[in-house]
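*Asks:* In our numbering, the protein residues as written are 56 to 452.
I am attaching a structure below and will ask some questions about it afterwards.
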Amino acid sequence: MTVMRMPWLIAFVVAVVVLVALIVVMAVGLATHRIQIHSAAADRDSADDLSDETTTLLSLLPGTSIVVDANDEVVRCSPQAYQLGLVSDDAIVQQQVLTTVHEARRAGGRHQFDLTTETPERYANARDRGDHVDTRSVHRPNWLKVTVGRINERFVIVLVTDVSEVIRFAQIRDSFITNVSEQLLEPTTALGKLADSLESEEIDREHVTEDARLVRSSCNRLNHMVADLLLLIRAQEPITPSSANRLNVMDQMRAVAERLQPQAERDGVRLNIKGDADLVINGDKDQIDSALTKLVENAIGYSKEGGVVSVSASRSADGTQVVIRVVDQGVGIDKRDQGRIFERFYRGAEQSERTRDGVGLRLAIVKHVALTHHGDVTVWSVPGQGSTFSLMLPVAR
């Protein structure tokens with residue numbers, strides 16, 4: 056009889072041990088807040104955070120929306136709120152927004168204000184990929200219009216409209232008007248001076264010669280700008296690979312280096328060209344030539360006398376792209392400028408005597424040539440240490 060009871064006794068002891076272990080685990084979990092007990096009422100409250108009508112309405116609203124509860128916790132949020140630098144870890148990170156949320160919760164009403172944020176680094180590259188332009192450790196500002204209002208006694212809503220593209224377009228437009236106006240005024244001013252010299256009763260040949268030189272220089276810059284604008288317009292349609300548009304990369308690089316050698320010698324800069332002679336891409340010859348010319352001209356212009364500009368071509372690690380790198384030992388690019396250097400008509404603060412007459416189209420042209428050839432362009436730069444521009448283009452099919 057005793058033998059018959061032994062299995063039951065062992066099972067009972069095991070069950071008691073398991074039960075005690077579960078109780079200990081639950082106690083430790085509750086003490087450390089790793090385990091929480093919710094009542095049925097709490098579950099109902101959680102499920103009823105927002106009515107179905109409110110949730111549906113929020114999903115239909117344009118732009119970015121954020122719903123904050125009485126504890127300032129974000130309970131509903133558009134993905135863009137994270138990318139715009141407004142929300143992190145289910146909390147609002149912009150103090151001005153949080154302060155306005157408190158005011159709306161207390162007094163009600165609608166509160167509107169403008170806010171400028173920066174995209175967090177972990178989202179910056181993903182946003183830049185839309186333009187196929189990667190600038191490392193760079194944040195572009197986001198210009199936002201924010202509206203805050205109270206839904207009920209528990210919830211406050213934050214509505215955000217991103218007007219960054221509108222403001223950037225306005226900046227580009229203003230830069231275009233300013234730069235083009237300056238370029239148009241210079242030749243007319245120089246022509247006026249030349250006319251005055253020719254109309255003088257006592258013609259000073261030296262003055263006439265100097266005024267004529269200014270006219271020629273101004274006209275050359277104007278022609279250069281018009282040519283760049285036309286190239287920028289052409290560099291909008293994607294290139295279709297074919298046997299008729301195969302280009303040897305090293306041939307293109309050597310032609311550019313040979314053409315720019317006199318400029319490099321005049322500025323005291325040495326050009327160094329190297330690369331794989333077998334690399335071939337599909338492309339428009341004039342556009343590729345222009346992109347390489349702009350990159351090398353840029354490197355020469357910002358290099359110090361006695362510096363070296365290295366231009367190299369190699370195959371990418373996966374073998375699908377040709378990577379053309381233009382490396383200079385120049386002044387480098389300030390971090391605040393790096394995020395905008397590919398924008399049309401944008402010119403950084405660091406300008407030398409050799410670059411001050413530019414209109415800010417060189418790197419914009421490079422970007423658009425990269426896009427039309429299904430490629431990419433990146434920049435690495437540190438002030439005082441120079442810059443590296445990498446133009447990536449697909450290997451010929």
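C-beta: ideal position from N, C-alpha, C; glycine also.
None of the values given here were measured: they were computed from a predicted structure.
1. In angstroms, rounded to a whole number, what distance separates the CA positions of L448 and D339?
2. Return the bridge partner residues of I336 from the DSSP annotation.
3. Going by C-alpha distance, which of L153, T110, D145, I294 is nearest I206?
4. Can you tell me which residues form a DSSP beta bridge with V364?
5. Starting from S272, follow the alpha helix (DSSP H) in both directions and report where the run begins and ends.
6. Considering only DSSP beta bridges, list what Q167 is partnered with.
7. Rounded to whole angstroms, what is the Cα-Cα separation between I92 and F210?
8. Does DSSP put E208 in a helix, in a strand, or in coil?
9. Within the same chain, show all residues whose beta-carbon is closer than 8 angstroms to that of G439, passing over the 5 residues directly before and after it, in chain order.
10. Starting from I420, follow the beta strand (DSSP E) in both directions and report where the run begins and ends.
11. How many Å lie between A282 and D259 at the Cα?
12. Which residues mark the beginning and the end of the alpha helix (DSSP H) in which T155 is found?
13. Tell me which residues share the same chain as L141 and place their Cβ nearer than 6 angstroms to its Cβ, disregarding the 5 neighbours each side in the sequence.
14. Using three-state DSSP, classify L113 as helix, strand or coil.
15. Specify the secondary structure class of Q440 as computed by DSSP and reduced to three states.
16. Pairs of beta-carbons, one from the stretch 419 to 436 and one from the stretch 354 to 363, closer than 8 angstroms: are there three or more?
17. In the DSSP assignment, what residue or residues form a beta bridge with A146?
18. On the DSSP bridge assignment, give the partners of D217 in chain order.
19. Exposed or buried, S442, counting other C-beta atoms within 10 Å across all chains shown (16 or more means buried)?
20. In terms of alpha-carbon separation, which member of G163, H166, F231, D107 lies closest to L416?
21. Among Y137, S252, V235, T155, which one has its Cα closest to the Cα of R167?
22. Near L418, what residues of its chain come up, given a Cβ to Cβ distance below 6 angstroms and the 5 sequence neighbours on each side ignored?
23. Under a three-way DSSP split, which group does E173 fall into?
24. Would the stretch 265 to 285 and the stretch 302 to 321 be scored as touching if the rule is three or more Cβ pairs under 8 angstroms?
25. Where do the ends of the beta strand (DSSP E) carrying R380 lie?
26. DSSP three-state call for S445: helix, strand or coil?
27. Ignore the nearest five residues each way along the sequence and tell me which others in H262's own chain have a CB closer than 7 angstroms to its CB.
28. Report yes if the C-beta distance between L302 and I336 is below 8 angstroms; otherwise report no.
29. Alpha helix (DSSP H) containing A136: first to last residue?
30. Apart from the five residues just before and just after D145, which ones in its own chain have a Cβ nearer than 7 angstroms to its Cβ?
31. What whole-angstrom Cβ distance do R452 and P296 have, given they're in contact under 8 angstroms?
32. Just to confirm, are A354 and V364 a CB contact at a threshold of 8 angstroms?
33. Return the CA-CA distance between Q342 and H428, expressed in angstroms with no decimal places.
*Replies:* Well, looking at it:
1. Stepping through the sequence shown from its first residue, residue 448 is reached at position 393. Stepping through the sequence shown from its first residue, residue 339 is reached at position 284. The straight-line gap from Cα to Cα measures roughly 12 angstroms.
2. Mapped onto the sequence shown, residue 336 falls at position 281. Its beta-bridge partners are L302, V450.
3. Position 151 of the sequence shown holds residue 206. The residue with the shortest Cα to Cα distance from I206 is T110.
4. If you number the sequence shown from 1, residue 364 lands on position 309. For V364, which the question treats as bridged, DSSP gives the partners L326.
5. In the sequence shown, residue 272 corresponds to position 217, counting from 1. 260 to 289 is the extent of the alpha helix (DSSP H) around S272.
6. In the sequence shown, the residue the question calls residue 167 occupies position 112. Paired residues: T202.
7. On the sequence shown, residue 92 is found 37 positions in, with the first residue counted as 1. On the sequence shown, residue 210 is found 155 positions in, with the first residue counted as 1. Since pLDDT at I92 reaches only 44, below the 50 mark, its modelled position is unreliable, and the value read off the structure follows with that caveat. Distance between the alpha carbons of I92 and F210: 24 angstroms.
8. Start at 1 with the first residue of the sequence shown, and residue 208 comes out as number 153. Coil at E208, not helix or strand.
9. Along the sequence shown, read from residue 1 onward, the residue named residue 439 stands at position 384. Counting only Cβ-Cβ distances below 8 angstroms, and skipping sequence neighbours, we find V386, G387.
10. The residue labelled residue 420 in the question sits at position 365 within the sequence shown. Unbroken run through I420 is the alpha helix (DSSP H), 417 to 427; no beta strand (DSSP E).
11. Position 227 of the sequence shown holds residue 282. Position 204 of the sequence shown holds residue 259. Their backbone Cα atoms lie some 35 angstroms apart in a straight line.
12. To locate residue 155, count along the sequence shown from 1; it is residue 100. Unbroken alpha helix (DSSP H) run through T155: 150 to 162.
13. On the sequence shown, position 86 is the one that residue 141 refers to. Excluding sequence positions up to five before and after L141, its CB lies within less than 6 angstroms of the CB of Q149, all in the same chain and listed in chain order.
14. The residue labelled residue 113 in the question sits at position 58 within the sequence shown. L113 falls in the helix class under three-state DSSP.
15. Taking the first residue of the sequence shown as position 1, residue 440 is located at position 385. Three-state result, Q440: coil.
16. No, the stretch 419 to 436 is not in contact with the stretch 354 to 363.
17. Taking the first residue of the sequence shown as 1, we reach residue 146 at position 91. Looking at the DSSP assignment, A146 forms a beta bridge with E128, S143.
18. On the sequence shown, residue 217 is found 162 positions in, with the first residue counted as 1. Answer by DSSP bridge pairing, in chain order: L199.
19. To locate residue 442, count along the sequence shown from 1; it is residue 387. With 16 or more other Cβ atoms within 10 Å, it is buried.
20. Taking the sequence shown and counting its residues from 1, the one referred to as residue 416 is at position 361. Considering only alpha carbons, the answer is F231.
21. The sequence position of residue 167 within the sequence shown is 112, counting from 1. Reading off the sequence shown, one finds Gln at residue 167, where the question assumed Arg. In this structure, T155 is the residue among Y137, S252, V235, T155 with its C-alpha nearest to the C-alpha of Q167.
22. Position 363 of the sequence shown, counted from the first residue, corresponds to residue 418. Taken in chain order, the residues that qualify are I396, F397.
23. In the sequence shown, residue 173 corresponds to position 118, counting from 1. Here E173 sits in strand by DSSP.
24. The stretch 265 to 285, when compared against the stretch 302 to 321, does not touch it at the 8 angstroms Cβ threshold.
25. Reading the sequence shown from its first residue, position 325 is the one you call residue 380. R380 -> beta strand (DSSP E) spans 376 to 382.
26. Counted from its first residue, the sequence shown places residue 445 at position 390. Strand, per DSSP.
27. The residue given as residue 262 occupies position 207 in the sequence shown. If we look at H262 and ignore the five residues flanking it on each side, its Cβ neighbours are S252.
28. Your numbering for residue 302 matches position 247 in the sequence shown. Your numbering for residue 336 matches position 281 in the sequence shown. Yes, the Cβ-Cβ distance between L302 and I336 is below 8 angstroms.
29. Position 81 of the sequence shown, counted from the start, is the residue given in the question as residue 136. From DSSP, the alpha helix (DSSP H) with A136 extends over 135 to 138.
30. For the purposes of this step, residue 145 is identified with residue 90 of the sequence shown, where counting begins at 1. Correct list, in chain order: E128, V129.
31. Locating residue 452 in the sequence shown gives position 397, counting from the first residue. Locating residue 296 in the sequence shown gives position 241, counting from the first residue. Confirmed, Cβ separation roughly 5 angstroms.
32. Stepping through the sequence shown from its first residue, residue 354 is reached at position 299. Stepping through the sequence shown from its first residue, residue 364 is reached at position 309. Cβ distance < 8 angstroms, so A354 and V364 count as in contact.
33. Stepping through the sequence shown from its first residue, residue 342 is reached at position 287. Stepping through the sequence shown from its first residue, residue 428 is reached at position 373. Taking the straight line joining both Cα atoms gives about 9 angstroms.
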